[in-house]
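Chains as they are written, first to last, in my numbering: chain A, 1 to 248; chain B, 1001 to 1248. Heads up, the thing below is written out as structure tokens.
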DNA sequence: GGCCGATATTGGTCTAGGCCAATGCGCTAC
DNA sequence: GTAGCGCATTGGCCTAGACCAATATCGGCC
């Protein structure tokens, strides 16, 4: 297998930092280029992948450093605040925008309301230890009078829905995929444009199976993991191996 | 906000392909560089992000083309074969390696067995429509005599555990994160080195809470989504509810 | 007609270097 | 003593072009 030069450089940088801890500095790009007898472009490509992988962080004007290990885990539903609180991460959120807007085609389909029907749109920046964690845009259907104040009071979106409006979620479905940070997201979350991100679409259904929430969250891929735990009871996954087991 | 030139180029390429369908060709890098009055390097950076985003695909010697939309969804547990079968994707797998190996530190911790204890290691390439989908390495604890033949017979790993060994999974936990394709993964899965990938660690527990399976799967981030559905509380809800169809 | 090799095309990698922008440090002026 | 300016350092972006490798095409040969 052909292995490009920048991949070797990547390995060499990894061994350079093997015995260093988070926050320790890495030589400058120009120094590395000279040390490995290559061009700065090649070194930058190696560093870019290490940054994408969460091994290094770099800041213009400061330098490049060994990254913190990826250890924040995000679970489904309310667990964002619950998990982080229990692990001492001091979760918070900054309300960027709150409005009632007509549902566009996608929101209408997700919430199963007519296109154009007013829905609540909540745009927030989620934080932990006062650092930006995720950019989140939630759409909520149904009448929610005074949502702004109630949200303010409870902090958590799910707590607000439950305590102020009696909306109880019964099923939540998360779709997880990768995406690439655009300049706006990069600026909000303090990462590089082009970095791999975890894009999570969440649909929350009430007890009647009606969607009441559709949320799109973008997490930094170099810092987060998403954890999904599921019980495999007799009722929950009836199909099992018997019917669909055989593979080609 | 400062927007780099390659980001504009990205937008221009997007509008170029807006009215074209999957498989349609995009002008060559050299043509695009001239058309946008920029260097090939800048065009390549724009294209690289569009490829990472699953909007374009490119092959050396052939060219660059509009990609298929991202529409394969992978669920937990048996659903790999289940979902893909029901959607006509003809799932399959290629056994790359099957061996009994001593547990290394990580496997030992995950399966809660002493380090060095023999465990089964199953390395497979998952496919759909005969195309590579994921690279998967499963570790299984417990005595599983004749695993090779049984696997052969059933195809599915979960069907084998269940039907040949009476191993019933009760809880499955998936940890989803991003990673970056290394040259080996890129070769196996037919994507670029450095592409964002979905890395899924799956732990399967039996009814006693003992881990019996620990699997590490790498999916192409430009082709797949991961779906996790969870019931909240004791309510039961119509099944159809959350699985939305249309993708953007 | 069909096979095969030369060649043009296209993306893949790498170089060498210029200019810009953010940062941090030290020096200077008050 | 301190506030603020200026400069060196460092990463961020871009250029122009060279060479390599995979692919497709087309022509000639059997």
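Cβ coordinates follow ideal geometry from the N, Cα and C atoms, glycine included.
State the Cα-Cα distance for the pair residue i and residue j, rounded to the nearest angstrom.
i	j	result
residue 1111(B)	residue 72(A)	22 Å
residue 1102(B)	residue 1109(B)	13 Å
residue 1064(B)	residue 1055(B)	11 Å
residue 11(A)	residue 1097(B)	26 Å
residue 203(A)	residue 1185(B)	32 Å
residue 1197(B)	residue 1227(B)	15 Å
residue 1193(B)	residue 1141(B)	33 Å
residue 1124(B)	residue 1036(B)	44 Å
residue 1223(B)	residue 1090(B)	16 Å
residue 1062(B)	residue 1047(B)	15 Å
residue 219(A)	residue 1149(B)	43 Å
residue 1182(B)	residue 117(A)	47 Å
residue 75(A)	residue 1027(B)	43 Å
residue 1039(B)	residue 1002(B)	19 Å
residue 115(A)	residue 107(A)	8 Å
residue 1015(B)	residue 1009(B)	10 Å
residue 1020(B)	residue 1059(B)	19 Å
residue 129(A)	residue 1129(B)	46 Å
residue 1171(B)	residue 229(A)	7 Å
Under a CB-based cut-off of 8 Å, is residue i close to chain B?
i	result
residue 198(A)	yes
residue 180(A)	yes
residue 216(A)	no
residue 221(A)	yes
residue 253(A)	The first residue shown for chain A is 1 and the last is 248, placing residue 253(A) beyond what the model contains.
residue 99(A)	no
residue 124(A)	no
residue 187(A)	yes
residue 159(A)	no
residue 19(A)	no
residue 59(A)	no
Taking 8 Å as the CB-CB limit, is residue i close to chain A?
i	result
residue 1183(B)	yes
residue 1172(B)	yes
residue 1177(B)	yes
residue 1049(B)	yes
residue 1209(B)	no
residue 1037(B)	no
residue 1066(B)	no
residue 1227(B)	yes
residue 1142(B)	no
residue 1146(B)	no
residue 1070(B)	yes
residue 1033(B)	no
Between the options, which has its C-alpha nearest residue i's C-alpha?
i	options	result
residue 156(A)	100(A), 127(A), 40(A)	127(A)
residue 1231(B)	196(A), 19(A), 174(A), 200(A)	174(A)
residue 208(A)	218(A), 169(A), 227(A)	169(A)
residue 1147(B)	1210(B), 1099(B), 1129(B), 1190(B)	1099(B)
residue 176(A)	131(A), 217(A), 19(A), 6(A)	217(A)
residue 42(A)	6(A), 57(A), 13(A)	6(A)
residue 195(A)	180(A), 39(A), 165(A), 158(A)	180(A)
residue 151(A)	39(A), 221(A), 122(A)	122(A)
residue 134(A)	115(A), 154(A), 92(A)	92(A)
residue 17(A)	105(A), 159(A), 68(A)	68(A)
residue 144(A)	154(A), 153(A), 129(A), 167(A)	167(A)
Just confirm the distance between the C-beta atoms of residue i and residue j, as a whole number of angstroms; I'd bet it's less than 8 Å.
i	j	result
residue 51(A)	residue 23(A)	That pair is no contact at about 15 Å.
residue 1213(B)	residue 1138(B)	6 Å
residue 29(A)	residue 44(A)	6 Å
residue 1178(B)	residue 1161(B)	29 Å between Cβ atoms; not a contact.
residue 188(A)	residue 132(A)	6 Å
- Task: May I have a chain-ordered list of the alpha helix (DSSP H) segments no shorter than 4 residues that lie completely inside the segment 1109-1169 of chain B?
- Result: 1147-1154, 1157-1165
- Message: My parser needs the alpha helix (DSSP H) runs of 4 or more residues fully inside the segment 1033-1062 of chain B; what are they?
- Response: 1040-1052
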